[in-house]
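What follows is a set of notes on a single structure, which appears directly below.
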Amino acid sequence: MYAKNRILMAPLTRGRATREHVPTPIMAEYYAQRASAGLIISEATGISQEGLGWPYAPGLWSQEQVEAWKPVTAAVHAKGGKIVAQLWHMGRMVHSSVTGQQPVSSSATKAPEPLHTYDGKQAPEIARPLTKDDIARILNDYEKAARNALEAGFDGVQIHAANGYLIDEFLRDGTNHRSDEYGGSPENRIRFLREVTERVIATIGADRTSVRLSPNGDTQGCIDSHPEQVFVPGAKLLNDLDIAFLELREPGANGTFGKTDQPKLHGPIRKVFTKPLVLNQDYTREEAIDAVATGVADAIAFGRPFLANPDLVHRLEDNLPLNKDDMRTWYTQGTEGYTDYPLAS
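Quick note on numbering: UniProt numbering labels position 16 of the sequence shown as 16, and the sequence is numbered without any gaps.
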């Protein structure tokens, strides 16, 4: 999946779709403004109603959603950019008031904190463990969403297997308490990731398929006691499947969006994953340049800096000051804090 530079736009949930999870015209302007990125990874996009519990987040399971995404991807392409859809099942991180269904997960656990809903934050609910029939159904949902992504004009997809959502809940022993072939050993806990990735590859091709992992630390109550034992072989599996690229979100001890003392795993993963590796989380301009120059990474994905700086590529190239993002407007529904950040003069 060719990128025109090594500055990628990380996925950023922004809450500008409709209540029915249909993309809106303002989203075309937002993404087109950021088309100078080497590659845009879209905001997390639901593969099904069951898996999408974030208010005003977009989906990719209906024809109405597909048609509404088409002007967005066309606007990015018109500016010479490329964009992939991040495919999302939130697992236990949803509330039934949004999805209309009990949350599901690898095991009967619940999110550690209140969840966003259309009526404010509400207490989490205990998830229903997925049956094998459920898993087969969700694999079909990933296939349909991947096919819909290409119909909508996306250049490929990223499978969201990070941040404490469904696939991550299978990967980590803190949330996966199963005793069948999807639980227990690292190999078993990787099984669901493998099956999802294989299904997406079979649908749209390995060259259009990428994956996001968050190997270290606690994310939304999801943690593994020995992450190197599951994420290094998981990365090796993805390498053998020949995916287009792998993105790692790795917080540090002083992270601004999550902190952890668990070591970052991009070094061991780099030894087994020989395809393009993208790193993400709190990189400064200097750190990003060094990571790419030394071969630690092939590209760096920037999140909040891209949110507040539509022309981030230009600013990084010329070492210009950056706008600061306004957290108050991250998930609101208007143009403020979305399409009105100023360009560098």
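The beta-carbon is built from N, C-alpha and C at its ideal position, and this holds for glycine as well.
- T307 burial status per 10 Å Cβ neighbour count (16 or more: buried): According to the sequence provided, residue 307 is Leu. The question's Thr does not apply to it. Buried is the call here.
- Query: Sorted by chain position, which residues of the same chain lie with C-beta nearer than 7 Å to residue 354's C-beta, five sequence neighbours on each side aside?
  - Reply: With the chain represented from 1 up to 345, any question about residue 354 goes unanswered, as that position is not in the structure.
- Message: Report the CB separation of G15 from L115 in whole angstroms; it is logged as a contact under 8 Å.
- Response: With a Cβ gap of about 14 Å, G15 and L115 do not count as contacting.
- Query: Starting from R147 and walking both ways along the alpha helix (DSSP H), at which residues does that stretch end?
  - Reply: Boundaries of the alpha helix (DSSP H) harbouring R147: K132 to E151, taken from the DSSP string.
- Query: Would T203 pass as a contact of R147 if the rule is Cβ separation under 8 Å?
  - Reply: Closer than 8 Å, so yes.
- Query: If we count the other Cβ atoms within 10 Å of its Cβ and call it buried at 16 or more, is M9 buried or exposed?
  - Reply: Burial call: buried.
- Query: How many Å lie between L12 and R19 at the Cα?
  - Reply: When rounded, the distance between both Cα atoms is 18 Å.
- Find the nearest neighbour of R6 within the set P276, Q65, D173 and I126, judged by alpha-carbon distance. Considering only alpha carbons, the answer is P276.
- Item | C-beta atoms of A161 and K70 nearer than 8 Å | No. Outside cutoff.
- If you follow the beta strand (DSSP E) that T209 is part of, which residue opens it and which one closes it? Following the DSSP letters along the chain, one finds T209 inside the beta strand (DSSP E) bounded by residues T209 to L213.
- Message: the ligand GDP and W88: does any heavy atom of the ligand fall closer than 7 Å to the residue's C-beta?
- Response: Absence of the ligand GDP from the depicted structure is noted, as is the absence of any ligand whatsoever, leaving it without description.
- Query: Pick from L39, P124, I126 and I138: whose alpha carbon is nearest that of I47?
  - Reply: The residue with the shortest Cα to Cα distance from I47 is I138.
- Proximity test, Cβ basis, 8 Å: E67 and chain E: Reference to chain E is not applicable here, since this structure consists of a single protein chain.
- Message: Whole angstroms are fine: how far does the CA of E286 sit from the CA of L87?
- Response: Answer to the nearest angstrom: the Cα atoms are 31 Å apart.
- Message: What does DSSP give as the partner residue(s) for P129 in the beta ladder?
- Response: According to DSSP, P129 bridges with S105.
- Message: Is the separation between the beta-carbon of Y142 and that of R199 shorter than 8 Å?
- Response: Result yes, Cβ atoms of Y142 and R199 sit closer than 8 Å.
- Going by the beta-carbon positions, is the gap between D242 and A206 smaller than 8 Å? Yes, Cβ-Cβ distance for D242 and A206 is below 8 Å.
- Message: Suppose only complete runs of 3+ residues qualify. What are the beta strand (DSSP E) ranges in the region 219-296, listed by chain order?
- Response: Secondary structure remark: continuous beta strand (DSSP E) runs of at least 3 residues inside the region 219-296, in chain order: 245-249 and 277-280.
- Query: Between the C-alpha atoms of I126 and P186, what's the straight-line distance to the nearest angstrom?
  - Reply: I126 and P186 have their C-alpha atoms spaced approximately 24 Å apart.
- Within 10 angstroms of its Cβ, does K82 collect 16 or more other Cβ (buried), or is it exposed? So K82 counts as buried.
- Query: Based on Cα-Cα distance, which residue from E247, A244, F245 and I190 lies nearest to P227?
  - Reply: Among E247, A244, F245 and I190, the Cα nearest to that of P227 is on I190.
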